[in-house]
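Chemist: Just so you know, we're using the numbering used here here: the sequence shown kicks off at 22 and counts up by one.
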Amino acid sequence: MKKRVIIVGGGISGLSTLHYLKTLAPDVDVQLFEATDRLGGVIGSDFVDGYMCEWGPNGILDRSGAVRELCEQLGIDNEIEFANENSKNRFILREGQLRVVPMSPGSLITSRLLTTFAKLRLLREPFTSSSKEEDESIQRFAERHFGKEVADYLIQPMVTGIHAGQAEQLSVKSCFPLLHELDGEFGSLIRGMITRKRRAKKQPLKDSKRKGSMRLLSLKPTGVYVLIDALAKRYADSIHTGKQVESLEKIADVNGVRKLFGLRFKDQTTTQADEVILALPAYCAARILRALSAPLSTNLSRIPYAPITVVCLGFPLTASPRPLKGFGFLIPSKENRAILGAIWSSSIFSGRAPDGKFQLRILLGGAGNPEVAQLTDAQTLETVADELHDLMGISEEPEMVRIYRWNKAIPQYMVGHSTILRDLENNLSEVQGLHLTGNAYHGVGVSECIINSESLAQKLAKQYNKSFIVAGIA
Ligand SMILES: Cc1cc2nc3c(=O)[nH]c(=O)nc-3n(C[C@H](O)[C@H](O)[C@H](O)COP(=O)(O)OP(=O)(O)OC[C@H]3O[C@@H](n4cnc5c(N)ncnc54)[C@H](O)[C@@H]3O)c2cc1C
22 MKKRVIIVGG GISGLSTLHY LKTLAPDVDV QLFEATDRLG GVIGSDFVDG YMCEWGPNGI
82 LDRSGAVREL CEQLGIDNEI EFANENSKNR FILREGQLRV VPMSPGSLIT SRLLTTFAKL
142 RLLREPFTSS SKEEDESIQR FAERHFGKEV ADYLIQPMVT GIHAGQAEQL SVKSCFPLLH
202 ELDGEFGSLI RGMITRKRRA KKQPLKDSKR KGSMRLLSLK PTGVYVLIDA LAKRYADSIH
262 TGKQVESLEK IADVNGVRKL FGLRFKDQTT TQADEVILAL PAYCAARILR ALSAPLSTNL
322 SRIPYAPITV VCLGFPLTAS PRPLKGFGFL IPSKENRAIL GAIWSSSIFS GRAPDGKFQL
382 RILLGGAGNP EVAQLTDAQT LETVADELHD LMGISEEPEM VRIYRWNKAI PQYMVGHSTI
442 LRDLENNLSE VQGLHLTGNA YHGVGVSECI INSESLAQKL AKQYNKSFIV AGIA
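What follows is the structure, encoded as structure tokens:
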């Protein structure tokens with residue numbers, strides 16, 4: 022009898038796990054169940070009066086090349102679009118002014134974002150010694166390496182942009198594992214990077230087929246959702262929407278021989294599987310697992326989430342007094358503003374606004390300002406209008422408005438997150454055949470979700486294929 026594996030959750034983590042398992046273990050029956058009537062989770066897009074608005078992610082950083090390879094496998098690599106050269110400049114607010122983020126040593130010297138004192142403090146970085154602590158906050162890590170001003174005005178807004186979190190609470194080990202590793206091995210990040218680069222030149226990576234890039238990518242015409250659409254179409258026969266899993270239990274098959282998982286859905290139907298992969302936010306997995314493993318459920322509930330409201334606005338080009346040449350801006354918490362920042366969507370990728378118009382994407386809330394994410398639509402729009410007027414000089418009413426609310430948007434890898442992961446591993450070792458993937462554990466970006474799902478599928482396929490060979494010999 023074919024082994025039956027069920028994936029729960031139809032976001033990018035669940036769908037990419039489905040793809041890799043189907044590819045790597047073709048003899049296994051893999052099925053995916055999604056609670057809602059649509060696939061994609063936080064990934065989605067809408068066309069509104071010629072503007073293309075994205076619900077969640079608006080671009081993917083594909084450092085490893087895994088996303089490009091997945092696109093090739095799905096036949097959508099021709100739809101890939103890299104961020105426009107004009108969007109190279111990123112801005113950070115300081116004393117009410119948008120200042121360009123220095124991206125090279127040369128631009129750092131002339132930068133108006135940092136004071137001379139902060140620039141001179143950077144010269145001490147090569148003399149930083151390794152931390153003696155097992156984990157530390159991103160803020161503390163950044164202050165040790167670069168000084169307080171760089172931590173406040175460069176690192177902290179970057180952390181808001183990626184994690185919607187607070188640098189004082191998030192773990193450097195879990196959010197930026199490479200930096201943590203360099204600190205441990207070399208003390209200084211600058212010395213560490215130079216040494217690693219030299220080593221890499223001497224020993225090029227074996228996996229050279231993949232071509233990573235530091236340029237943000239998207240896909241035409243519906244952005245990141247193109248990936249979801251392609252996966253959904255390819256595996257339509259194995260995907261079941263409108264099926265919310267309520268609980269999991271361990272059962273024996275009719276002969277009492279095979280140990281199985283019994284899944285109960287909200288519509289009171291049931292199904293069975295040899296193995297189950299939960300590709301869900303941690304709090305959803307915690308709910309399903311209460312009866313099967315209380316310790317696992319409790320440990321999953323220890324991962325907190327931050328809320329985000331995304332506001333997409335459309336304007337005629339004449340509404341902006343400044344040219345929108347750049348990626349957008351982020352706001353350090355020291356500046357005490359009501360929004361986290363704004364992305365100039367139509368300057369980054371094509372198709373975000375009709376000719377003669379532009380689109381802005383404003384982010385509010387996050388772990389530092391959760392109450393702002395609770396404002397009503399009218400209050401949200403009033404807040405955004407005030408901020409855009411102050412910061413960009415825009416006083417016109419937008420001609421297009423779309424608001425997307427995520428009460429639990431991004432998992433927060435707090436200091437000590439690695440301890441939660443270790444506890445989860447211990448709990449999982451007691452429930453054979455149960456696996457977790459998704460953005461709650463080893464990276465929140467779309468590319469990390471894909472990479473983590475691929476490694477889980479590789480590990481499982483190795484076990485499954487080996488057991489087929491053994492069964493064949495027997
Ligand atoms: C506002 C926002 C902006 C972002 N911007 C970026 C960006 O620009 N770049 C980037 O790389 N990343 C970005 N991210 C992060 C990235 O989009 C997510 O980490 C990633 O898409 C999460 O995918 P997932 O499949 O793990 O989870 P989800 O997308 O949350 O999918 C989980 C799925 O499980 C389903 N589900 C839940 N409970 C059950 C159940 N009981 N039974 C069955 N199904 C269930 C849900 O309905 C959902 O479809 C952003 C995230 C947000 C919220």
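Idealized CB from N, CA, C, for every residue including glycine. Since this is a predicted model, take the numbers as computed values, not measurements.
Let me know the secondary structure DSSP gives Ile28 once reduced to three states.
Modeler: Strand, per DSSP.
Chemist: Just to confirm before moving on: does the CB-CB distance between Ala188 and Gln160 stay below 8 Å?
Modeler: yes
Chemist: In whole angstroms, what separates the C-alpha of Ser151 from that of Glu202?
Modeler: 10 Å
Chemist: Give me, in chain order, the residues of the same chain whose beta-carbon lies closer than 8 Å to that of Val452; leave out the 5 immediate sequence neighbours on both sides.
Modeler: Lys271, Leu313, Ser314, Leu317
Chemist: Would you say the beta carbon of Asn460 comes nearer than 7 Å to a heavy atom of ligand 1?
Modeler: Flag set: Cβ of Asn460 near ligand 1.
Chemist: In the DSSP assignment, what are the bridge partners of Gln52?
Modeler: Ile27
Chemist: From which residue to which residue does the alpha helix (DSSP H) around Pro498 run?
Modeler: Outside the displayed range of the chain (22 to 495) lies residue 498, so it cannot be described from this structure.
Chemist: Mind checking which residues open and close the alpha helix (DSSP H) that includes His463?
Modeler: Run containing His463: none; DSSP gives neither H nor E here.
Chemist: Is Lys241 near Glu102, with beta carbons less than 8 Å apart?
Modeler: Their beta carbons are under 8 Å apart, which means Lys241 touches Glu102 by this criterion.
Chemist: According to DSSP, is Asp295 helix, strand or coil?
Modeler: coil
Chemist: Taking DSSP as the reference, what is the three-state secondary structure of Pro342?
Modeler: coil
Chemist: Can you say whether Val436 is buried or exposed, counting buried as having 16 or more other CB atoms within 10 angstroms of its CB?
Modeler: buried
Chemist: Do Gln118 and Ser259 have their C-beta atoms within less than 8 Å of each other?
Modeler: no
Chemist: Would DSSP call Tyr425 helix, strand or coil?
Modeler: strand
Chemist: Taking the CB atoms as reference points, tell me whether Pro302 and Asp173 lie closer together than 8 Å.
Modeler: Taking 8 Å as the Cβ cut-off, Pro302 and Asp173 do not qualify as a contacting pair.
Chemist: Select from Phe148, Arg120, Lys230 the residue whose C-alpha is nearest the C-alpha of Ala87.
Modeler: Lys230
Chemist: If distances are taken between C-alpha atoms only, which option among Gly168, Gly77, Gly459 comes closest to Ala20?
Modeler: Coverage of the chain is limited to positions 22 through 495, which leaves residue 20 absent and any answer about it impossible.
Chemist: Who are the Cβ neighbours of Ser158 in its own chain at under 8 Å, not counting the five residues just before and after it?
Modeler: Ala188, Glu189, Gln190, Leu191, Ser192, Val193, Val436
Chemist: When you measure from the CB of Trp365 to every non-hydrogen atom of ligand 1, does any distance come out below 7 Å?
Modeler: Look at Trp365: its beta carbon is at least 7 Å from all of the heavy atoms in ligand 1.
Chemist: Could you tell me how far apart the beta carbons of Ile81 and Val465 are, in whole angstroms, since I believe they sit closer than 8 Å?
Modeler: Not a contact, Cβ separation roughly 12 Å.
Chemist: Is Pro78 buried or exposed, if buried means 16 or more other CB atoms sit within 10 Å of its CB?
Modeler: buried
Chemist: Taking Gly148 and Ser209 to be in contact with their CB atoms under 8 Å, please state how far apart those CB atoms are, rounded to whole angstroms.
Modeler: Note that residue 148 corresponds to Phe in the displayed sequence, not to Gly. The C-beta distance from Phe148 to Ser209 rounds to 7 Å, short enough to fall under 8 Å.
Chemist: Do Ile28 and Thr38 have their CB atoms nearer than 8 Å?
Modeler: yes
Chemist: Quick check: what's the CA-CA separation for Gly493 versus Glu100?
Modeler: The predicted position of Gly493 is uncertain, since its pLDDT is 47 and thus under 50; no value can be drawn from it.
Chemist: Is it the case that the CB of Val29 approaches a heavy atom of ligand 1 more closely than 7 Å?
Modeler: yes
Chemist: Going by C-alpha to C-alpha distance, which of Gly335, Met22, Gly277, Ser268 sits closest to Ile364?
Modeler: Nearest option by C-alpha distance: Gly335.
Chemist: On the DSSP bridge list, what partners appear for Gln380?
Modeler: Gly335
Chemist: Excluding sequence positions up to five away, which residues of its chain have a Cβ less than 7 Å from the Cβ of Ala495?
Modeler: Because Ala495 sits at a pLDDT of 37, beneath the cut-off of 50, its placement in the model cannot be relied upon, and the following sentence gives the value as read from the coordinates. None.
Chemist: For Ala46, which of helix, strand or coil comes out of DSSP?
Modeler: coil
Chemist: Alpha carbon to alpha carbon, how far is Ile176 from Val275?
Modeler: 57 Å
Chemist: Considering Cα atoms alone, identify which of Leu45, Asn473, Leu237 is closest to Glu106.
Modeler: Leu237
Chemist: Determine the extent of the alpha helix (DSSP H) in which Glu206 is found, giving its start and end residues.
Modeler: 198–207
Chemist: Is Gln265 near ligand 1, with its Cβ less than 7 Å from a heavy atom?
Modeler: yes
Chemist: Exposed or buried, which one is Gly40 when buried takes at least 16 other CB atoms within 10 Å?
Modeler: The displayed chain sequence assigns His, not Gly, to residue 40. Burial call: buried.
Chemist: Once the 5 residues before and after Ser132 are set aside, which same chain residues still bring their CB inside 6 Å of it?
Modeler: Pro123
Chemist: Tell me which residue opens and which closes the alpha helix (DSSP H) that Pro67 is part of.
Modeler: For clarity, residue 67 is Asp in the given sequence; the question names Pro instead. Counting along the chain, Asp67 falls outside any alpha helix (DSSP H), though it belongs to the beta strand (DSSP E) covering 66–69.
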